[in-house]
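Participant:
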Amino acid sequence: SRQLALFQDHKSLSCHTCSLNKEPLAHPKMLPSGATRPDVYILGEAPGATEDQEGVQFVGDAGSYLRKFLPSGYLKKIRWNNAINCRPPGNRTPTDLELACCKSRQEQDIVTTKPKVVLGFGGTPLKLLTGASGIMNWRGRQIPLRIRDHCFWYFPLLHPSFMLRARNDRKLGAGWEKVFSDDIARAFSFVENYVDPIPEDMSTFTHNIELLNTFDLTAVETALARIAQYENHGLDIETNGLKPYKAGAKILTLAAGTYEDTVAIPIRHREAKWRPDQLKKLDQIIYEYLLNSGRKWCHNTKFEQEWLAFFYGKDLLFETTWGDTMAQAHVLDERRGKALEDVTLRLFGFNIKDQHQVNVDNLDAERLDDVLLYNATDAKYTDAASHVQHATLEEEQLVPVYDQAMAHCRTLVLAQMKGMVPNTPEIQRIAKQLAKEMVDAAAAVRENAGVQAWEKKNQKHFKPTSSTDVLSLMHSLGHKIENTEEPELEKVKHPAAKLVLTVRQNQKLESTYITPYLPKGKRIYADGLIHGNFNH
Numbered sequence: 008s009r010q011l012a013l014f015q016d017h018k019s020l021s022c023h024t025c026s027l028n029k030e031p032l033a034h035p036k037m038l039p040s041g042a043t044r045p046d047v048y049i050l051g052e053a054p055g056a057t058e059d060q061e062g063v064q065f066v067g068d069a070g071s072y073l074r075k076f077l078p079s080g081y082l083k084k085i086r087w088n089n090a091i092n093c094r095p096p097g098n099r100t101p102t103d104l105e106l107a108c109c110k111s112r113q114e115q116d117i118v119t120t121k122p123k124v125v126l127g128f129g130g131t132p133l134k135l136l137t138g139a140s141g142i143m144n145w146r147g148r149q150i151p152l153r154i155r156d157h158c159f160w161y162f163p164l165l166h167p168s169f170m171l172r173a174r175n176d177r178k179l180g181a182g183w184e185k186v187f188s189d190d191i192a193r194a195f196s197f198v199e200n201y202v203d204p205i206p207e208d209m210s211t212f213t214h215n216i217e218l219l220n221t222f223d224l225t226a227v228e229t230a231l232a233r234i235a236q237y238e239n240h241g242l243d244i245e246t247n248g249l250k251p252y253k254a255g256a257k258i259l260t261l262a263a264g265t266y267e268d269t270v271a272i273p274i275r276h277r278e279a280k281w282r283p284d285q286l287k288k289l290d291q292i293i294y295e296y297l298l299n300s301g302r303k304w305c306h307n308t309k310f311e312q313e314w315l316a317f318f319y320g321k322d323l324l325f326e327t328t329w330g331d332t333m334a335q336a337h338v339l340d341e342r343r344g345k346a347l348e349d350v351t352l353r354l355f356g357f358n359i360k361d362q363h364q365v366n367v368d369n370l371d372a373e374r375l376d377d378v379l380l381y382n383a384t385d386a387k388y389t390d391a392a393s394h395v396q397h398a399t400l401e402e403e404q405l406v407p408v409y410d411q412a413m414a415h416c417r418t419l420v421l422a423q424m425k426g427m428v429p430n431t432p433e434i435q436r437i438a439k440q441l442a443k444e445m446v447d448a449a450a451a452v453r454e455n456a457g458v459q460a461w462e463k464k465n466q467k468h469f470k471p472t473s474s475t476d477v478l479s480l481m482h483s484l485g486h487k488i489e490n491t492e493e494p495e496l497e498k499v500k501h502p503a504a505k506l507v508l509t510v511r512q513n514q515k516l517e518s519t520y521i522t523p524y525l526p527k528g529k530r531i532y533a534d535g536l537i538h539g540n541f542n543h
């Protein structure tokens, strides 16, 4: 992505590249303030108007609010800074380019001053230091980070500007303030009982990985026999789709092992050079390994179980043991952010998906060695995550809750595999009904006087499915809505808005619930059934 490219290239960027370089500011390029050897490093978004006038961070309304929650004994042990050092016009959110231009400055200051923890307030510091987004999903967590030779804990927290708005909410204000207060108290308590973080050293990211790309069955059999002896290990497969029921569905590669010993095997990737007789033998070797190995930890185990049970037999669901690091993550924190890249960032300080340049939507078209390495690192760090998360589950006495979640897993896989029979005649009846309603609604839209006047003025047909046309029409009718989303259109007391909503709602019903389930629809698989995804 463009954002990722910017952040990877941030060392080549500087103030001269930044759009804020020539802004007329009282204190441009504001330097950090406070302790030179801090225990706590506070990182905000950007200077506001008051900060720019005074040349000091967090002295405006938001800063004054924040300071009330900081332990007085730490005030001389805090260093203050922002993700960018120049105030953006109108206090707008800094752009990705502005963040990238300032990234080296902030990293250097953290490395030089060596804080134990960094408290990042709001989504902007989170993006700067981790590349992650969604502060609501990250607040209350802690991340071990490494910048060059300095390791520290990063605590994402809500921004005090948000809190100034949220605390006035009559129903939720007190709750938000408690969340904010508790998060800060927890971070400072952590400083009191400090434990050194151990973020992953990325120079060892691909260590202890063997890519079995020589198409030697003996080597595969020997390697999988070795992995099978481990009491616990990670397992990951790469496929050419989300479900195994489509024509041409295949498992491309398989990786298995521990953090210290992982192997990756080509199976039916387009570059795999197995002869048909070898492939038959390979399938038998894999089946024997799956059936006779220790606990296999996957990330979203239902996915691996469904594919492996489909191709190798349902007995794999019952005759061997499984673990699920995604289920562990859910039990520990049920918010969003349970993908493997979120887990590796939270536990080991890096996003595992950012370490690879492969198109995950079409791995069969990627180079085999790249897919094998991608597959292997997933298995390696799934194993690592299982140990760390299990220790936390034990500490918080949540292992029985995790066990209960896992108990449902194979039952749901069996339900997914069995599938559901679509009621095609009923779906076709509803399809005709919706089609007629959309035609009638579209005709009513065209007959509306306001729409006709708009068409005459703009010399074009009005399209109720076009956001540009709808916004232009609403403005021409005197309704200055900000966008054409449903909540905004529902505010408009005009027949045209209601007709547009009817057309859109019916179109959404058709595209979501009807078309995919008609014969040859994308939700109907080669066996004519619907194979859902049941979440445990």
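Each residue of the sequence shown is one higher than the one before, starting from 8 at the first, in my numbering. Using N, Cα and C, we set each Cβ at its ideal position, and we do this for glycine too.
1) Alpha carbon to alpha carbon, what distance is there between tyrosine 72 and proline 167?
2) If cysteine 108 sits next to leucine 20, beta carbons under 8 Å apart, how far is it from one beta carbon to the other, in whole angstroms?
3) Give the single residue among Thr211, Gly264 and Gln362 whose Cα lies nearest to the Cα of valine 236.
4) For the beta strand (DSSP E) that contains asparagine 465, what are its first and last residues?
5) Quick check on the DSSP output: the alpha helix (DSSP H) that includes glycine 70 runs from which residue to which?
6) What separation, rounded to the nearest whole angstrom, lies between the Cα atoms of glycine 528 and isoleucine 437?
7) Could you tell me the distance, in whole angstroms, from the CA atom of glutamine 10 to the CA atom of threonine 102?
8) Can you give the beta carbon distance from serine 393 to glutamine 312, rounded, assuming they're within the 8 Å contact cut?
9) Please work out which residues of its chain come closer than 7 Å, Cβ to Cβ, to proline 35, disregarding the five sequence neighbours upstream and downstream, and give them in chain order.
10) Between the C-alpha atoms of leucine 249 and phenylalanine 310, what's the straight-line distance to the nearest angstrom?
11) Under the three-state reduction of DSSP, which class applies to serine 518: helix, strand or coil?
12) Taking the alpha helix (DSSP H) that leucine 50 falls in, what are its first and last residues?
13) Under 8 Å Cβ to Cβ from leucine 478, same chain only, skipping five residues before and after it: list those, please.
14) Quick check: the segment 517-526 against the segment 463-470, are there 3 or more CB pairs under 8 Å?
15) Here's the rule I'm using: 16 or more other beta-carbon atoms within 10 Å means buried, otherwise exposed. How should serine 210 be labelled?
16) Within the same chain, show all residues whose beta-carbon is closer than 6 Å to that of aspartate 59, passing over the 5 residues directly before and after it, in chain order.
17) Using the three-state DSSP reduction, which class does arginine 148 fall into: helix, strand or coil?
18) Using only the heavy atoms of the ligand FMN, determine whether one of them is closer than 7 Å to the beta carbon of alanine 448.
19) DSSP state of methionine 37, grouped into three classes?
20) Are the beta-carbon atoms of lysine 110 and leucine 135 separated by less than 8 Å?
21) How far does the beta strand (DSSP E) with leucine 163 in it extend, from its first residue to its last?
22) The beta strand (DSSP E) with leucine 525 in it runs from where to where?
23) Determine, using beta-carbon pairs with one atom in the segment 137-145 and one in the segment 192-202, whether at least three such pairs fall under 8 Å.
Facilitator: On the basis of the data shown:
1) 7 Å
2) 5 Å
3) Just to set this straight, residue 236 is glutamine in the shown sequence, not valine. Cα-wise, what sits closest to glutamine 236 is Gly264.
4) Where asparagine 465 is concerned, there is no enclosing beta strand (DSSP E), although the alpha helix (DSSP H) it sits in stretches over 456-465.
5) 68-74
6) 15 Å
7) Note that glutamine 10 has pLDDT 47, beneath the 50 cutoff, so the model's placement of it is unreliable and the number below is only indicative. Using only the alpha carbons, I get a separation of about 10 Å.
8) Their Cβ separation, rounded to whole angstroms, is 16 Å, which puts serine 393 and glutamine 312 out of contact at 8 Å.
9) Cys93
10) 8 Å
11) helix
12) Looking at the DSSP string, leucine 50 is not in any alpha helix (DSSP H); the run it does join, the beta strand (DSSP E), is 47-51.
13) Ile488, Asn490 and Thr491
14) no
15) exposed
16) Leu32, Ala33, His34 and Arg94
17) coil
18) With respect to small molecules bound, the structure shown includes none, and the ligand FMN cannot be examined in it.
19) coil
20) yes
21) Reading off the sequence, residue 163 comes out as proline, not leucine. That run of the beta strand (DSSP E) goes 157-164.
22) Careful: leucine 525 lies outside any beta strand (DSSP E) and carries neither H nor E.
23) no
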